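Novice: Residue numbers (this note's numbering), protein chains in the order written: chain A, 334 to 614; chain B, 4 to 87.
The beta-carbon is built from N, C-alpha and C at its ideal position, and this holds for glycine as well.
Here the structure is a predicted model, which means the values were calculated and not measured.
So that we are looking at the same thing, I have put the structure below in structure tokens.
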């Protein structure tokens, strides 16, 4: 699986570095007053990543990375309002709706499924307004399934797709070849429980394709997610522990593409038993 | 502002039910925008240039890809866009 292709789409090492510097710079700027940024530093074990200092870093020229930085900059005013007692909820709603349409986000998802056969059943947790589902159906995935607490709007945007109104994958009775996890884990109420239920929904040998933000790479993005309603800040190491606890096995190495870390996981064809279960064999 | 379904196989547009040419779902959609204009530029500027361009192009064309519909609804409900 060519996970590194997204790095090329994002403009390569130099452009990714610029995006990472912007993340640091904005997090340091907002950090003077934003609780969300404090939560990000706390999740990173109290270590504050180095502030590049001075004025704004060099702006990326790659279209995806430039839009990522532009998206983060839109939070400037909202974090300032938050510091003064409360951000305008309508502005946050608008940001959240536009976040789902960000080209760099959709490009990450497209890149993950590039080599997946189009007749695969793809499951998307917390499908939001259906932007990603739309992309996947457009890409030829006719067996797309999405779930979330409210899929009314999404089911009108992508009519006829497998929409399920469900708070959790634990409430689903579906069978998928691929689960797509793009910017989702931070929104799960109980991350391990949700991942276990996603594993249950996957066929044996099925794939879990992950593009989740790493707060160590993109602290400003992690803070922006919190402001938009995300529940957790999940450093990569923590997420990987949760994925392993849910029974997934990593395939190959992960790839950094700010703000994401991309990785591929497989549900073993035969479930690994825990040592306490193994005595029964 | 309304949505019409679009068959990804034959491109047929329809308002209800399935594709008139018998192709099964899932389907895509198009948002028919009607006459809209931006009223609250401060909030509109929260959108990135790419998304602003998508919205403005859809307004100009009178329609856009269905994935814009949820954003259009919010922009209209929050008074950023005024649509007739």
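(1) Check this for me: beta carbons of residue 66 of chain B and residue 33 of chain B, under 8 Å apart or not?
(2) So residue 418 of chain A contacts chain B; which residues on that side make the cut at Cβ distance below 7 Å?
(3) Does the beta carbon of residue 519 of chain A sit closer than 8 Å to a beta carbon anywhere in chain B?
(4) Excluding sequence positions up to five away, which residues of its chain have a Cβ less than 6 Å from the Cβ of residue 412 of chain A?
(5) Three or more C-beta pairs closer than 8 Å, one from the segment 561-574 of chain A and one from the segment 7-26 of chain B: is that the case here?
(6) Among the candidates A:433, A:590, A:536, A:561, whose CA atom is the shortest distance from the CA of residue 603 of chain A?
(7) Can you tell me the Cβ-Cβ gap for residue 461 of chain A and residue 442 of chain A, rounded? I've got them flagged as a contact below 8 Å.
(8) What three-state label does DSSP hand residue 412 of chain A in the structure shown?
(9) Residue 39 of chain B lies in the beta strand (DSSP E); which residues open and close that run?
(10) Grouping DSSP H, G and I as helix and E and B as strand, with all else coil, what is residue 506 of chain A?
(11) Who are the neighbours of residue 16 of chain B on chain A, taking C-beta pairs under 8 Å?
(12) Report the residue ranges of all alpha helix (DSSP H) runs contained in full by the segment 492-572 of chain A; include only those spanning at least 4 residues, in chain order.
(13) May I ask you to list, following chain order, the residues of the segment 50-69 of chain B that have a beta carbon less than 7 Å from some beta carbon of chain A?
(14) So residue 429 of chain A is in the alpha helix (DSSP H); what residue range does that whole segment cover?
(15) Can residue 558 of chain A and residue 458 of chain A be called in contact, C-beta distance under 8 Å?
(16) Any idea what DSSP makes of residue 55 of chain B, helix, strand or coil?
(17) Between which two residues does the alpha helix (DSSP H) containing residue 74 of chain B stretch?
(18) Specify the secondary structure class of residue 600 of chain A as computed by DSSP and reduced to three states.
(19) If you compare alpha carbons, which of A:562, A:592, A:597 is closest to residue 340 of chain A?
(20) Exposed or buried, which one is residue 614 of chain A when buried takes at least 16 other CB atoms within 10 Å?
(21) So which residues of chain B does residue 393 of chain A contact, with C-beta pairs closer than 8 Å?
(22) For residue 440 of chain A, return the contacting residues in chain B, with the cut-off set at a CB-CB distance below 7 Å.
(23) Under a CB-based cut-off of 8 Å, is residue 501 of chain A close to chain B?
(24) Using a beta-carbon distance below 8 Å, is residue 451 of chain A in contact with chain B?
(25) Quick one: give me the first and last residue of the beta strand (DSSP E) that residue 590 of chain A is part of.
(26) How many whole angstroms separate the CB atoms of residue 425 of chain A and residue 46 of chain B, which I take to be in contact at a CB cut-off of 8 Å?
(27) So which of A:369, A:502, A:484 has the shortest CA-CA distance to residue 420 of chain A?
(28) With burial defined as no fewer than 16 other Cβ atoms inside 10 Å of the residue's Cβ, what is the status of residue 5 of chain B: buried or exposed?
(29) Do residue 467 of chain A and residue 70 of chain B come within 8 Å of each other at the CB atom, strictly closer than that value?
(30) Taking the Cβ atom as the reference point for each residue, do residue 525 of chain A and residue 578 of chain A lie within a distance shorter than 8 Å?
(31) Mind checking residue 84 of chain B: buried by the 16 CB within 10 Å criterion, or exposed?
Specialist: Walking through what the data contain:
(1) Here the question's residue 66 of chain B lines up with position 63 in the second chain. Here the question's residue 33 of chain B lines up with position 30 in the second chain. Contact: yes.
(2) The sequence position of residue 418 of chain A within the first chain is 85, counting from 1. For the C-beta of residue 418 of chain A, not a single chain B residue is nearer than 7 Å; the gap to the nearest is close to 19 Å.
(3) Locating residue 519 of chain A in the first chain gives position 186, where the first residue counts as 1. Contacts with chain B at 8 Å (Cβ-Cβ) do not include residue 519 of chain A.
(4) As a first step, residue 412 of chain A must be located in the first chain, where it is residue number 79. Excluding residues within five positions, the ones whose Cβ falls inside 6 Å are 363, 367.
(5) No, they do not touch.
(6) Reading the first chain from its first residue, position 270 is the one you call residue 603 of chain A. Residue A:536 is the option with its Cα nearest to residue 603 of chain A.
(7) Translated into the one-based positions of the first chain, residue 461 of chain A becomes position 128. Translated into the one-based positions of the first chain, residue 442 of chain A becomes position 109. Not really, about 12 Å apart at Cβ, beyond 8 Å.
(8) For this step, residue 412 of chain A is matched to residue 79 along the first chain. Assignment of residue 412 of chain A by DSSP, reduced to helix, strand and coil, places it in the helix class.
(9) As a position in the second chain, residue 39 of chain B is number 36, starting the count at 1. Residue 39 of chain B: member of the beta strand (DSSP E) spanning 39-41, first to last residue.
(10) Here residue 506 of chain A corresponds to residue number 173 of the first chain, with the count starting at 1. Coil.
(11) The residue you call residue 16 of chain B lines up with position 13 of the second chain. Against chain A, the beta carbon of residue 16 of chain B has no neighbour under 8 Å; the closest one sits roughly 12 Å away.
(12) Entirely contained in the segment 492-572 of chain A, the alpha helix (DSSP H) runs reaching 4 residues are, in chain order, 524-534, 552-560.
(13) Contact annotation: in the segment 50-69 of chain B, residues whose CB is within less than 7 Å of a CB in chain A are 50, 51, 52, 53, 54, 69.
(14) By 1-based counting over the first chain, the position of residue 429 of chain A is 96. Run containing residue 429 of chain A: 422-432, per the alpha helix (DSSP H) assignment.
(15) Locating residue 558 of chain A in the first chain gives position 225, counting from the first residue. Locating residue 458 of chain A in the first chain gives position 125, counting from the first residue. Judged by their CB atoms, residue 558 of chain A and residue 458 of chain A are not nearer to each other than the 8 Å cut-off.
(16) Against the second chain, residue 55 of chain B aligns to sequence position 52. Residue 55 of chain B: helix per DSSP, three-state reduction.
(17) Position 71 of the second chain, counted from the first residue, corresponds to residue 74 of chain B. 72-80 is the extent of the alpha helix (DSSP H) around residue 74 of chain B.
(18) On the first chain, residue 600 of chain A is found 267 positions in, with the first residue counted as 1. Assigned with DSSP and collapsed to three states, residue 600 of chain A falls in coil, not helix or strand.
(19) The residue labelled residue 340 of chain A in the question sits at position 7 within the first chain. Put simply, of A:562, A:592, A:597 the residue whose alpha carbon is nearest the alpha carbon of residue 340 of chain A is A:592.
(20) Taking the first chain and counting its residues from 1, one reaches residue 614 of chain A at position 281. For residue 614 of chain A, the predicted structure reports a pLDDT of 47, less than 50, and the residue's modelled location is therefore unreliable. The matter cannot be settled from this model.
(21) Taking the first chain and counting its residues from 1, the one referred to as residue 393 of chain A is at position 60. Within chain B, no residue comes near residue 393 of chain A; the closest Cβ sits about 13 Å away, beyond 8 Å.
(22) As a working mapping, residue 440 of chain A is identified with position 107 in the first chain. Those within 7 Å of residue 440 of chain A in chain B number zero; the least Cβ separation is about 12 Å.
(23) Translated into the one-based positions of the first chain, residue 501 of chain A becomes position 168. So no, residue 501 of chain A is outside the interface.
(24) Within the first chain, the letter at position 118 stands for residue 451 of chain A. Not an interface residue.
(25) Here residue 590 of chain A refers to the residue found at position 257 when the first chain is read from its first residue. Under the DSSP assignment, residue 590 of chain A falls in the beta strand (DSSP E) whose first and last residues are 582-590.
(26) For the purposes of this step, residue 425 of chain A is identified with residue 92 of the first chain, where counting begins at 1. For the purposes of this step, residue 46 of chain B is identified with residue 43 of the second chain, where counting begins at 1. Between residue 46 of chain B and residue 425 of chain A the Cβ distance is about 11 Å, and since that is not below 8 Å, they are no contact.
(27) Looking up residue 420 of chain A in the first chain gives position 87. Closest in alpha carbon position to residue 420 of chain A, among A:369, A:502, A:484, is A:369.
(28) The residue given as residue 5 of chain B occupies position 2 in the second chain. Flag for residue 5 of chain B reads exposed.
(29) For the purposes of this step, residue 70 of chain B is identified with residue 67 of the second chain, where counting begins at 1. For the purposes of this step, residue 467 of chain A is identified with residue 134 of the first chain, where counting begins at 1. By the CB criterion at 8 Å, residue 70 of chain B and residue 467 of chain A fall inside the cutoff.
(30) On the first chain, residue 525 of chain A is found 192 positions in, with the first residue counted as 1. On the first chain, residue 578 of chain A is found 245 positions in, with the first residue counted as 1. With respect to residue 578 of chain A, residue 525 of chain A sits close: the two C-beta atoms are nearer than 8 Å.
(31) Here residue 84 of chain B refers to the residue found at position 81 of the second chain. So residue 84 of chain B counts as buried.
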